[in-house]
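Going by UniProt numbering, 96 is the number at position 96 of the sequence shown; the sequence numbering is gapless. Cβ atoms here follow ideal geometry from the backbone N, Cα and C, with glycine treated the same way. Quick caveat, the model's predicted, so the values are computed rather than measured.
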Amino acid sequence: MLSPRSWIAAPMMVIAMMTAGCSGTADPGADSHAAAPSTSATASPSPSPTSAFCVDLTPFRVVVVVYRGELADAVHSRVAHRSASKRQLDLKGLRQRAAVIARMGEEMQASAPPDIAKQFHTVLGAIRLSSSKLNPDSQLGDVVDPVFNEKVNPSFDAVDKYDCGAKDK
C-alpha cells in the first residue's frame, strides 16, 4: 500500500518533469535574452519572475523536495523500525530524480541571479554528490549526508525561499 506521501509525490514529480520540459519555450524572450552574449562585464541576470531561472525555479524546487523527502523517509523508517539493516532505497527512482535536478540545474545556472547563484551551485553539488553514492552497496548515511548537513542546509533553505519577484535585494 502506498503511503500518503508516495501518492502525492508521484503526481507532483510528473507535473514537475512536464513543466521542466515545457518551461524552456514558455517565454521565447527569456530564452533569446539568456542566450545573447553579454557585452558588459557588469551585466548579470536579474531575478524577475519572467527570467529563465525564475520560470524553472518552482519545478526545480519540487523535484528537490521530492528527492530529499524520499531520503528523509528512508531515515525515518530506519529509526522507527530500529533496524540496523540497510534500508532499501528506490535507487532507480532516486537516480532519475537526481538526473532531472542536474539537467534542470545546468540549464538554470547560467541565468541564476548573483544573489542566489552560490547557494544554487551548492544545492546542485550536494545533489550530485548524493546521487553519485546511489549504489546497492552504499550505506544510507552516504546518500543522505550530502543533502542534509549543517553546511548545505542553509543553501537548500535559501533556494527554497528565494523570491524572484523581490525588488532591490
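If you draw a straight line from the C-alpha of Pro146 to the C-alpha of Leu71, how long is it? Start at 1 with the first residue of the sequence shown, and residue 146 comes out as number 146. Start at 1 with the first residue of the sequence shown, and residue 71 comes out as number 71. Their Cα atoms are separated by approximately 11 Å.
Please state the DSSP three-state secondary structure of Ala110. Residue 110 sits at position 110 when you count from the first residue of the sequence shown. Coil.
Considering just the uninterrupted stretch of the alpha helix (DSSP H) at Gly69, what are its terminal residues? Here residue 69 is taken as the residue at index 69 of the sequence shown, counted from 1. The continuous alpha helix (DSSP H) containing Gly69 extends over residues 52–81.
Excluding sequence positions up to five away, which residues of its chain have a Cβ less than 7 Å from the Cβ of Val75? Numbered from its first residue, the sequence shown carries residue 75 at position 75. Excluding positions up to five away in sequence, the list reads Leu140, Val144.
Determine the DSSP secondary structure at Lys92, reduced to helix, strand or coil. Residue mapping note: residue 92 aligns to position 92 of the sequence shown, counting from 1. Residue state, collapsed to three classes: helix.
May I have the straight-line CA-CA distance separating Glu150 from Ser51, to the nearest angstrom? For the purposes of this step, residue 150 is taken as the residue at position 150 of the sequence shown. For the purposes of this step, residue 51 is taken as the residue at position 51 of the sequence shown. Between Glu150 and Ser51, the C-alpha separation is close to 30 Å.
Unbroken alpha helix (DSSP H) runs of length 4 or more, entirely within the segment 99–143: which are they? 114–132
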